[in-house]
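What the sequence shown shows, in full-length UniProt numbering, is residues 1 to 591, in sequence order.
In this text, a Cβ means the ideal position worked out from N, Cα and C, and glycines have one as well.
The model shown is predicted, which means the values in this text are computed figures rather than measured ones.
Here the structure is laid out as structure tokens; the discussion comes afterwards.
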Amino acid sequence: MPIYNAPTKDIQFVLHDLLKVSEQDIPGFEDLDRDFTSAVVEEAGKVASEVLHPLNVVGDTEGCVMENGVVRTPTGFKDAFQQMKDGGWTAMDCDPEYGGQGLPYVMHTAAQEPFVSANMAFNMYQGLTHGAYSAIYAHGSDEQKQTYLPKLTTCEWTGTMNLTEPHCGTDLGLMRTKAVPNDDGSFKISGQKIFISAGEHDMADNIIHLVLAKIQGGPDGIKGVSLFIVPKFMVNDDGSLGARNGVSCGKIEEKMGIHGNSTCVMNYDEATGFLIGEEHKGMRAMFTMMNEARLGVGLQGYAQAESAYQNAVAYANDRLQGRDVTGAKNPDGPADPLIVHPDIRRNLMDQKSFVEGARAFTYWGAYLIDRAHKNQDADADGLISLMTPVIKGFLTDKGFEYATAAQQVYGGHGYIEEWGMSQYARDARIAMIYEGANGVQALDLVGRKLALDGGKHVMAFFEMIKTFIKENEGNEALNKDFLNPLKAASKDLQAAGMYFMQNATKPNNALSGSYDFMHMMGHVCLGLMWARMAKAAMEALESGASDTEFYETKIATGRYYMARQLPATAMHLARINTGGDTVMALEAANF
């Protein structure tokens, strides 16, 4: 069976050495001292390794089964879900008014990572619920909040998001699900939704579906979409559960991965629904859920790569194959371990430098969300809006790439199911698709986010890099190995942005380069994270930190990223500069 151990030391490094959470002027951060965060992260890691990870292969092999309209989750899932609820893990950053613990979102993120690494499919049940909680919390009426949030906080009831239909995914303006007003202010919801994660299961008393639908007579296209609460069971005035609503699971989707999560076709047959927010403003409410989900999906990308990496390292140290070209390292054995070979080292360093950089990038994003929400900081809100498609798109692309790279370390054994490596690749693959396919993330970044508020936020990002470089250019070690590569990569990114501006009259030039730009920006963001982490590690060593090996390893890993990964920005810039003509050269019939 594969292994998993939560990287608690590295999580603590990101929280305290890099982000310095306890020193931030954000409400609630003053309580995040090292002892407190260590207790939370260590316990989350224990739950992940002892409770969730053993069920990962169970969920993959058993999957979910539908019996008489009820979906049965894999063996052990119900007990594990109860332990998650009893431990308060579902309520960490929820409002105490509704039974939550009120911790910052960055702590929710830090605790979630081990859960996702240990069992991604399982964690989706609470992950989608958290998103439903956030949407109702932000846009629901006081009555809706009092009715639904306490139960969603504890996961006594779980939640879903219902967007996709058989004929429309990205283009939600094509939606056919309709909402017909009732005399009492509710609506009759009719239609079919597909790919609904956790749409039906046996681990909660009620399931609260958030459903996009069109109210008859509303505007055409996306402007006519509204958001509704559609509970599986109606909720009585006293909070007890009433009659079954007109919503049912048509079937469970047969998927490539995340078999432990019940991905359902959901049928709505004049189900009673309750409008969230204003009529025809459903996308605004849904995107509260989507933007949070996109950071969570970016986390899924690198969290699966983290698990795969841990197993690849263990295998590379154990498997004996060939001899070190510089001299035998295991002279008493028939061969040396795989890890002596430079190409295996390259593979593992690619994985390690990505995962650790991605962790820093994601936690920084969570910190920005806290600053935006708790401090009402518009600049932080604009910056995380800019970063969200990069976190989602870049980290999931690379997460899948490195999950398969870890599989490669095993050779033929990586292709054999008993070693468990294919599950990481299969589970990671969906993260590139759902919550907005990565091509759409790239279009969102280039087509909308760069120009947000007149380009204010991307310019602030460039200024952030420039300021960091200027403030630290006197540090010779940092300057040579980190600042100079970061400066070069940032110039590449700015040159790409300038190309888009100069070709504004030719939109295909920008759209053809959007995917490269997203990856270029992802590399620059990780480059900035690595430069900051290297500085933090150097300062720790200078202050006499006892764990010198950890900090020296951190610097060496960052040096690898800057030397071997960050130069990819030049390649992406070269592609962007070719424009859209070569991309669009063929007629549709010639493909």
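Backbone CA spacing between residue i and residue j [nearest angstrom]
i	j	result
glutamate 143	aspartate 237	10 angstroms
threonine 147	glycine 239	7 angstroms
alanine 489	aspartate 202	50 angstroms
alanine 437	glycine 393	8 angstroms
alanine 403	alanine 305	5 angstroms
threonine 272	lysine 193	16 angstroms
proline 337	alanine 405	18 angstroms
arginine 575	glycine 185	54 angstroms
alanine 243	glutamate 113	37 angstroms
alanine 39	valine 51	17 angstroms
phenylalanine 500	methionine 120	37 angstroms
glutamine 423	glycine 257	7 angstroms
alanine 56	lysine 470	Rather than alanine, the amino acid found at residue 56 in this sequence is asparagine. Each residue's Cα considered, the two are about 47 angstroms apart.
asparagine 182	glycine 218	16 angstroms
alanine 460	glycine 199	41 angstroms
threonine 578	methionine 520	15 angstroms
proline 166	glycine 191	10 angstroms
tyrosine 315	aspartate 516	33 angstroms
glycine 100	glycine 88	8 angstroms
glutamate 552	alanine 537	7 angstroms
aspartate 95	alanine 568	42 angstroms
arginine 564	glutamate 417	32 angstroms
arginine 448	leucine 511	12 angstroms
lysine 145	alanine 213	21 angstroms
lysine 506	glycine 580	9 angstroms
leucine 526	methionine 584	31 angstroms
threonine 326	glutamate 292	50 angstroms
Where the alpha helix (DSSP H) through residue i begins and ends
i	result
tryptophan 364	342-374
lysine 151	142-154
valine 47	34-47
methionine 66	First-last for methionine 66: 65-67, but that is the beta strand (DSSP E), not the alpha helix (DSSP H).
asparagine 472	456-472
isoleucine 339	Careful: isoleucine 339 lies outside any alpha helix (DSSP H) and carries neither H nor E.
histidine 139	120-139
proline 507	507-542
According to DSSP, residues forming a beta bridge with residue i
i	result
asparagine 162	Val211
tyrosine 268	Gly191, Val247
cysteine 168	Glu165
isoleucine 276	Leu227
asparagine 206	Trp157
threonine 263	Ser197
Member of the options whose CA lies at the smallest distance from the CA of residue i
i	options	result
isoleucine 276	Ala138, Trp530, Gly99	Ala138
asparagine 206	Asp547, Met234, Ile222, Lys329	Met234
proline 334	Val225, Arg323, Phe115	Arg323
glycine 260	Trp157, Asp60, Ser117, Asp381	Asp60
residue 593	Arg34, Ile26, Ala6, Asp79	Residue coverage of the chain in this structure runs from 1 to 591, which leaves residue 593 outside it and unanswerable.
isoleucine 11	His108, Glu50, Val51, Thr153	His108
lysine 20	Arg532, Gly414, Arg176	Arg532
glycine 140	Arg284, Ile433, Ala442	Arg284
isoleucine 369	Gly357, Met387, Lys352	Met387
alanine 380	Ala428, Asp453, Phe187	Asp453
arginine 176	Ile215, Gln502, Thr153, Pro507	Ile215
glycine 127	Tyr551, Thr158, Gly399, Gly102	Thr158
threonine 129	Val116, Ala110, Leu149, Ser117	Leu149
tyrosine 560	Ser512, Glu356, Gln502	Glu356
cysteine 249	Arg294, Thr160, Val313, Phe287	Thr160
glycine 63	Pro74, Gln82, Trp419, Phe400	Pro74
Neighbour-count burial assignment, residue i, 16 or more Cβ in a 10 Å radius
i	result
lysine 232	buried
methionine 464	exposed
aspartate 481	buried
valine 14	buried
alanine 328	exposed
glutamine 441	buried
tyrosine 302	buried
aspartate 269	exposed
histidine 523	buried
phenylalanine 36	exposed
arginine 359	buried
lysine 223	exposed
methionine 84	buried
proline 389	buried
serine 353	buried
Continuous beta strand (DSSP E) stretch holding residue i: start and end
i	result
phenylalanine 228	225-231
lysine 178	178-181
arginine 72	70-72
Minimum Cβ-Cβ distance from residue i to chain C less than 8 angstroms
i	result
tyrosine 4	Of the protein chains in the structure, only one exists, and it is not chain C.
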